[in-house]
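Protein chains in written order, with my numbering: chain D, 316 to 432; chain B, 62 to 174. All C-beta atoms, glycine included, are put in the ideal place defined by N, C-alpha and C. Model, not experiment: these values are computed from the prediction. Encoded as structure tokens, the structure appears first; notes follow it.
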Amino acid sequence: NAGVTQTPKFRILKIGQSMTLQCTQDMNHNYMYWYRQDPGMGLKLIYYSVGAGITDKGEVPNGYNVSRSTTEDFPLRLELAAPSQTSVYFCASSYGSRNRPNQETQYFGPGTRLLVL
Amino acid sequence: DQQVKQNSPSLSVQEGRISILNCDYTNSMFDYFLWYKKYPAEGPTFLISISSIKDKNEDGRFTVFLNKSAKHLSLHIVPSQPGDSAVYFCAASVEGSQGNLIFGKGTKLSVKP
Chain D
316 NAGVTQTPKF RILKIGQSMT LQCTQDMNHN YMYWYRQDPG MGLKLIYYSV GAGITDKGEV
376 PNGYNVSRST TEDFPLRLEL AAPSQTSVYF CASSYGSRNR PNQETQYFGP GTRLLVL
Chain B
62 DQQVKQNSPS LSVQEGRISI LNCDYTNSMF DYFLWYKKYP AEGPTFLISI SSIKDKNEDG
122 RFTVFLNKSA KHLSLHIVPS QPGDSAVYFC AASVEGSQGN LIFGKGTKLS VKP
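Here is the structure:
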């Protein structure tokens, strides 16, 4: 199993450009998450999904969109890039049991480093 | 307003000694706590967790202690090894949530040979 994979590893965007960060997991996990980590800070939740076709906002969703058409993929879309979106983006997944989903271990991808100039 | 606080940005320890990393939280609805370890240019990896119904959980060299009345948890690493050098994040989740983790800012641990 490759686990959680993310592409690209690094990208430079100009202000106003758009891009999609890709995330794929091969563990058949139901739940998937997008976090961002700013320098010297902890990770903050952007969006999450509890299954195909179901997404919801996290703590910092503004400026982003997501979709979940399959169990495996959870892309994150930036429509109009701004310097404030310069960050490292991590995708994560968990099995997501119906009983206590908040106690499931989340497995993280290696991250995408994004620089907006 | 930070709900999970790691007040020590860095910690330096000699190989073989104990490392103690601390974490405080403010939200009394948190019922599950985790520690993640992160190496540069990699994603966080799960280390150990504890439910709020327990006060201690041990896994090999790693032990997490939870003091609910003080809203404080700590991670003990004994003995510390150079390979333990990494950033350690404390995280918490609310009972009934969909696993939305609230992270602290992290503590960078350096274990010197």
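In terms of beta-carbon proximity, residue 334/D stays away from the interface with chain B, with every pair separated by 7 Å or more.
Within chain B, the residues 160 have their CB atoms less than 9 Å from the CB of residue 419/D, given in chain order. Assigned with DSSP and collapsed to three states, residue 418/D falls in helix. Sequence-distant partners of residue 386/D (beyond 5 residues in either direction) whose C-beta falls short of 6 Å from its own C-beta, in its chain, are 367. The Cβ neighbour count for residue 143/B, taken over all protein chains shown within 10 Å, is under 16; the residue is labelled exposed. Using a Cβ-Cβ cut-off of 7 Å, residue 357/D counts as an interface residue toward chain B, since at least one Cβ of chain B sits closer than that to its own. For a cut-off of 8 Å, the C-beta gap from residue 351/D to residue 370/D is around 16 Å, too long to register as a contact. Among the bridge pairs identified by DSSP, residue 72/B is matched with 170/B.
Residue-level contact by beta carbon fails for residue 119/B and chain D, as no gap is shorter than 7 Å. With distances taken between CA atoms, residue 141/B lies nearest to 74/B out of 64/B, 74/B, 69/B.
Among the CB atoms of chain B, none fall inside 7 Å of the CB of residue 384/D.
Between residue 403/D and the set 381/D, 331/D, 431/D, 414/D, the nearest pair of CA atoms involves 431/D.
Ranked by how close their Cα comes to the Cα of residue 342/D, the residues 348/D, 392/D, 395/D, 316/D have 316/D in first place. DSSP places residue 121/B in no beta strand (DSSP E); its state is neither H nor E.
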